[in-house]
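There are 2 protein chains.
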Amino acid sequence: MGTELLLGQITDTNATFICRELAAIGVDVYFRTTLGDNLGRIVEAIRLAAARSDVVLLTGGLGPTPDDVTREAIAEATGRPLREDPASRRAIEEYFRKLEREPTAANFKQALIPEGGRAIPNGAGTAPGVFLEHEGTVIIALPGVPREMEQMMRRFVLPELRARRPEGLIIKSRVLRVIGLGESNVVKMAEEILARQTNPTIAPLAGRGEVLLRITAKCSSEQEADERIAETEAQLRQVLGEHIYGVDQATLEEDVVGRLIRAGKTIAVAESCTGGLIGNRITNVSGSSRCFPGGVVAYANEAKMALLGVDQDLLAKHGAVSAEVAAAMATGVRELFRADLGVSATGIAGPTGGTAEKPVGLVFIGLATAESVVTERHHFLRDRLDNKFRTSQAALALVRSYLLGLSG
Amino acid sequence: MGTELLLGQITDTNATFICRELAAIGVDVYFRTTLGDNLGRIVEAIRLAAARSDVVLLTGGLGPTPDDVTREAIAEATGRPLREDPASRRAIEEYFRKLEREPTAANFKQALIPEGGRAIPNGAGTAPGVFLEHEGTVIIALPGVPREMEQMMRRFVLPELRARRPEGLIIKSRVLRVIGLGESNVVKMAEEILARQTNPTIAPLAGRGEVLLRITAKCSSEQEADERIAETEAQLRQVLGEHIYGVDQATLEEDVVGRLIRAGKTIAVAESCTGGLIGNRITNVSGSSRCFPGGVVAYANEAKMALLGVDQDLLAKHGAVSAEVAAAMATGVRELFRADLGVSATGIAGPTGGTAEKPVGLVFIGLATAESVVTERHHFLRDRLDNKFRTSQAALALVRSYLLGLSG
Numbered sequence: 283m284g285t286e287l288l289l290g291q292i293t294d295t296n297a298t299f300i301c302r303e304l305a306a307i308g309v310d311v312y313f314r315t316t317l318g319d320n321l322g323r324i325v326e327a328i329r330l331a332a333a334r335s336d337v338v339l340l341t342g343g344l345g346p347t348p349d350d351v352t353r354e355a356i357a358e359a360t361g362r363p364l365r366e367d368p369a370s371r372r373a374i375e376e377y378f379r380k381l382e383r384e385p386t387a388a389n390f391k392q393a394l395i396p397e398g399g400r401a402i403p404n405g406a407g408t409a410p411g412v413f414l415e416h417e418g419t420v421i422i423a424l425p426g427v428p429r430e431m432e433q434m435m436r437r438f439v440l441p442e443l444r445a446r447r448p449e450g451l452i453i454k455s456r457v458l459r460v461i462g463l464g465e466s467n468v469v470k471m472a473e474e475i476l477a478r479q480t481n482p483t484i485a486p487l488a489g490r491g492e493v494l495l496r497i498t499a500k501c502s503s504e505q506e507a508d509e510r511i512a513e514t515e516a517q518l519r520q521v522l523g524e525h526i527y528g529v530d531q532a533t534l535e536e537d538v539v540g541r542l543i544r545a546g547k548t549i550a551v552a553e554s555c556t557g558g559l560i561g562n563r564i565t566n567v568s569g570s571s572r573c574f575p576g577g578v579v580a581y582a583n584e585a586k587m588a589l590l591g592v593d594q595d596l597l598a599k600h601g602a603v604s605a606e607v608a609a610a611m612a613t614g615v616r617e618l619f620r621a622d623l624g625v626s627a628t629g630i631a632g633p634t635g636g637t638a639e640k641p642v643g644l645v646f647i648g649l650a651t652a653e654s655v656v657t658e659r660h661h662f663l664r665d666r667l668d669n670k671f672r673t674s675q676a677a678l679a680l681v682r683s684y685l686l687g688l689s690g
Numbered sequence: 283m284g285t286e287l288l289l290g291q292i293t294d295t296n297a298t299f300i301c302r303e304l305a306a307i308g309v310d311v312y313f314r315t316t317l318g319d320n321l322g323r324i325v326e327a328i329r330l331a332a333a334r335s336d337v338v339l340l341t342g343g344l345g346p347t348p349d350d351v352t353r354e355a356i357a358e359a360t361g362r363p364l365r366e367d368p369a370s371r372r373a374i375e376e377y378f379r380k381l382e383r384e385p386t387a388a389n390f391k392q393a394l395i396p397e398g399g400r401a402i403p404n405g406a407g408t409a410p411g412v413f414l415e416h417e418g419t420v421i422i423a424l425p426g427v428p429r430e431m432e433q434m435m436r437r438f439v440l441p442e443l444r445a446r447r448p449e450g451l452i453i454k455s456r457v458l459r460v461i462g463l464g465e466s467n468v469v470k471m472a473e474e475i476l477a478r479q480t481n482p483t484i485a486p487l488a489g490r491g492e493v494l495l496r497i498t499a500k501c502s503s504e505q506e507a508d509e510r511i512a513e514t515e516a517q518l519r520q521v522l523g524e525h526i527y528g529v530d531q532a533t534l535e536e537d538v539v540g541r542l543i544r545a546g547k548t549i550a551v552a553e554s555c556t557g558g559l560i561g562n563r564i565t566n567v568s569g570s571s572r573c574f575p576g577g578v579v580a581y582a583n584e585a586k587m588a589l590l591g592v593d594q595d596l597l598a599k600h601g602a603v604s605a606e607v608a609a610a611m612a613t614g615v616r617e618l619f620r621a622d623l624g625v626s627a628t629g630i631a632g633p634t635g636g637t638a639e640k641p642v643g644l645v646f647i648g649l650a651t652a653e654s655v656v657t658e659r660h661h662f663l664r665d666r667l668d669n670k671f672r673t674s675q676a677a678l679a680l681v682r683s684y685l686l687g688l689s690g
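Okay, structure coming up:
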């Protein structure tokens with residue numbers, strides 16, 4: 283509840299918190315509705331929700347101003363008059379006494395509870411919540427202030443719902459992160475596993491230069507959910523192999539930095555179109571100083587020549603955006619930093635600077651090692667920032683492939 | 283649409299963007315509903331929404347996987363069969379041709395449009411949107427990928443809805459972005475203006491290393507709203523002056539790059555703790571090659587000495603995180619790239635590496651010019667990534683101050 287949500291002035295992080303906490307205790311959330319501070323529409327929404335759900339959880343609209351109509355809406359939707367709750371009135375009086383301020387009549391509006399309902403104590407503010415059982419549906423109202431709502435969820439609502447949960451069904455999920463394959467390829471490779479999914483379910487999602495597979499299990503115990511997820515994960519790992527670089531919130535740079543450190547290798551970066559992004563991502567990982575001495579951002583051709591030793595004739599013949607220059611940059615930066623590996627990126631991030639022969643989004647990346655230099659050509663079709671990100675993603679993936687080869 | 287939203291795995295920022303943009307063109311949003319990837323429930327929700335609204339806008343569920351059922355749901359809710367849109371099929375073929383990959387049958391599912399509807403071109407991905415007029419209601423479906431959705435909203439949906447809008451009250455807002463002052467200072471400096479706000483309203487918001495002031499006007503015409511906002515903006519500019527670096531989606535790096543180009547100055551960066559982030563932000567601005575030859579990421583002390591000419595004794599005496607080393611790095615990189623300005627950053631991003639004398643979050647930034655070298659000391663109390671970002675923000679702000687001095 284809150285007009286500011288429907289005006290897009292704030293993002294609904296309460297919904298994220300509530301849904302995550304409900305999922306964790308096995309409550310299936312099927313519908314989430316956002317409404318402005320309008321009595322008629324809130325009444326209508328409560329009636330609809332009560333007709334189709336076991337639990338209706340509302341947040342917002344419990345404040346003292348005339349805008350706040352959630353109590354009134356519950357009363358009207360259920361046909362129950364509002365009654366003053368004496369304990370809530372005393373709590374409000376006490377709150378203002380501590381603040382050394384006088385409560386107004388509007389403040390005492392917050393002590394009203396629909397007949398047959400209970401007040402949920404608010405440990406962090408003046409607005410108590412509402413807990414009401416009405417014709418087989420539990421209706422709960424909590425304040426919209428995140429701190430108050432979260433505390434009341436943890437202390438009262440979650441234990442109450444957990445106690446009512448039939449045979450203790452819980453939902454757990456785990457996200458596998460896949461690099462080096464497009465979404466449709468992942469779906470194809472995992473076709474058989476996806477076709478027979480029931481519990482857990484597997485949802486493929488397109489990431490930025492990667493694919494995510496979300497495995498979700500609904501089970502009667504956390505242990506069973508973990509076992510089922512582990513089984514499905516093992517099947518997916520069987521077909522996707524080392525393309526799975528991490529789980530949940532893991533990042534590709536964490537995986538690469540970890541592999542570099544374990545392999546005892548150092549890496550230097552030579553960046554043109556990415557402008558520092560590869561170095562930035564590597565140094566987002568705590569401990570990266572053990573494998574990363576540094577790099578050169580060689581945006582201008584002069585810098586490519588003077589710092590990285592890229593030959594002027596090579597630049598003239600192939601252009602800065604070429605496999606040859608990517609190779610020379612990787613070799614140059616490897617030598618400059620006396621690193622084991624040198625990785626490079628040169629390309630046209632856009633939106634301008636493209637030609638028929640070298641269009642926007644054309645990128646070359648290079649990797650120099652003691653033994654050899656390899657390059658890759660990519661053509662990204664995104665905007666400037668996304669082309670830069672996908673270039674850094676491809677560069678990190680190239681380093682990862684090389685390190686996998688070492689250990690494999 | 284998206285089970286991941288109802289599991290609380292992601293926060294619905296698309297809803298915020300869409301509601302804000304709709305409010306700006308005077309569309310009243312009354313209901314917002316979030317649903318999982320379930321055909322039956324989506325069909326039911328589309329029918330309900332179409333019955334009570336002039337416009338039904340859906341996002342998500344247009345991807346190539348079996349989970350993605352939004353097209354099917356629109357077809358079923360409206361009783362219109364899906365037909366392949368030849369232009370969308372060609373766009374998908376073209377997209378994969380450029381990517382040099384083979385599309386699968388699943389990819390072509392994305393070319394299906396309910397009969398009587400039109401495809402909304404997707405400039406940033408493969409999934410076209412859907413635009414359909416059905417029994418007096420406009421039904422629009424957009425992808426859930428924020429970049430794609432935002433571009434399609436700006437290019438197609440908003441102009442289309444604006445053209446259909448009957449005369450009436452509109453809401454417009456404009457965000458002023460303030461650098462170099464904390465939120466409480468901004469509030470204090472603008473105290474009188476904030477105290478007398480009614481229409482437009484002014485909401486101060488804390489940004490990352492900056493403060494935002496959102497001015498919102500509700501008027502009967504766009505012209506009146508623009509005039510009222512302009513008047514309030516002029517008052518705020520009177521008290522906040524050059525601290526306002528941009529409006530709405532402007533970035534500090536755009537302002538700095540613009541000022542460098544207009545002043546005919548070039549800049550080189552020497553980054554330690556930021557690891558490439560400053561260069562990355564500068565090169566996020568299209569056209570930055572005119573002022574940015576490049577930089578050095580000198581993460582290791584050896585790189586600070588060998589590439590930037592930082593004296594070994596200086597490092598030994600003051601440590602890498604010191605005003606003296608920040609100054610030497612800025613001077614060194616300025617000379618190395620023969621740039622007009624050299625900017626540097628050295629610090630302890632955390633979470634480890636701090637000492638009693640040099641705690642986590644301690645940062646020095648430097649700016650070298652032909653005339654002088656200045657340094658600044660900052661102590662940020664955030665996590666690693668935020669400490670890095672705030673360091674880059676302070677470095678860009680320092681460059682901006684210098685450029686303001688030139689023009690002032």
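Top line first, the protein sequences correspond to chains D and U. Here the first sequence is numbered in the working numbering, starting from 283 and rising by one per residue. Here the second sequence is numbered in the working numbering, starting from 283 and rising by one per residue. Ideal Cβ placement from N, Cα and C applies to all residues, glycine included. What you are looking at is a predicted structure, and each value in this text was computed from that prediction instead of being measured.
Roughly how many whole angstroms lie between the Cα atoms of residue i and residue j?
{"i": "Q520/D", "j": "T514/D", "result": "10 Å"}
{"i": "T298/D", "j": "R314/D", "result": "10 Å"}
{"i": "D622/D", "j": "V578/U", "result": "18 Å"}
{"i": "A502/D", "j": "R456/D", "result": "Per the sequence shown, the amino acid found at residue 502/D is Ser instead of Ala. Approximately 17 Å between the Cα atoms of the pair."}
{"i": "K470/U", "j": "R490/U", "result": "19 Å"}
{"i": "N320/D", "j": "A332/D", "result": "18 Å"}
{"i": "V551/D", "j": "T657/D", "result": "14 Å"}
{"i": "L414/U", "j": "T360/U", "result": "10 Å"}
{"i": "L663/D", "j": "S466/D", "result": "17 Å"}
{"i": "T316/U", "j": "S683/D", "result": "39 Å"}
{"i": "E584/U", "j": "P575/D", "result": "8 Å"}
{"i": "K391/U", "j": "P363/D", "result": "53 Å"}
{"i": "A650/U", "j": "S554/U", "result": "16 Å"}
{"i": "G322/U", "j": "A355/U", "result": "8 Å"}
{"i": "M283/U", "j": "I324/U", "result": "8 Å"}
{"i": "S604/U", "j": "D537/U", "result": "28 Å"}
Buried or exposed: where does residue i fall if 16 or more other Cβ atoms within 10 Å of its Cβ makes it buried?
{"i": "K599/D", "result": "exposed"}
{"i": "N481/U", "result": "exposed"}
{"i": "Y527/D", "result": "buried"}
{"i": "H661/U", "result": "exposed"}
{"i": "L381/D", "result": "exposed"}
{"i": "R563/D", "result": "buried"}
{"i": "Y581/D", "result": "buried"}
{"i": "E358/U", "result": "buried"}
Which chain D residues sit within Cβ distance under 7 Å of residue i?
{"i": "K380/U", "result": "H661, L663"}
Along chain D, which residues have their Cβ under 9 Å away from the Cβ of residue i?
{"i": "G557/U", "result": "G558, G561, N562, R563, I564, T565, N566, S570, F574, G576, G577"}
With respect to the beta strand (DSSP E) encompassing residue i, which residues constitute its N-terminal and C-terminal limits?
{"i": "R365/D", "result": "364-366"}
{"i": "I453/D", "result": "452-460"}
{"i": "K500/U", "result": "493-501"}
{"i": "Y527/D", "result": "526-529"}
Give the interface partners of residue i over in chain D, defined as CB-CB distance under 8 Å, in chain order.
{"i": "V427/U", "result": "A488"}
{"i": "C301/U", "result": "L287, L288, L289, G290"}
Residue i touches chain U at which residues, Cβ-Cβ below 8 Å?
{"i": "P348/D", "result": "Ordered by position in chain U, no residue passes the 8 Å Cβ test against P348/D, which lies about 17 Å from the chain."}
{"i": "R323/D", "result": "Y312, F313"}
Got a sec, what are the start and stop residues for the alpha helix (DSSP H) residue i sits in?
{"i": "Y581/D", "result": "Premise fails: Y581/D is in no alpha helix (DSSP H) and is neither H nor E."}
{"i": "A359/D", "result": "352-360"}
{"i": "S683/U", "result": "666-689"}
Going along chain U, which residues have a C-beta under 9 Å from residue i?
{"i": "R496/D", "result": "T285, E286, L289, Q291"}
In chain U, what lies closer than 7 Å to residue i by C-beta?
{"i": "S335/D", "result": "Neighbours of S335/D on chain U: none; closest Cβ ~12 Å, over 7 Å."}
{"i": "G546/D", "result": "Here the premise fails: no neighbours, minimum Cβ distance about 16 Å."}
{"i": "D668/D", "result": "R429"}
Does the segment 337-349 of chain U come within contact of the segment 419-427 of chain U, defined as at least 3 CB pairs closer than 8 Å? yes
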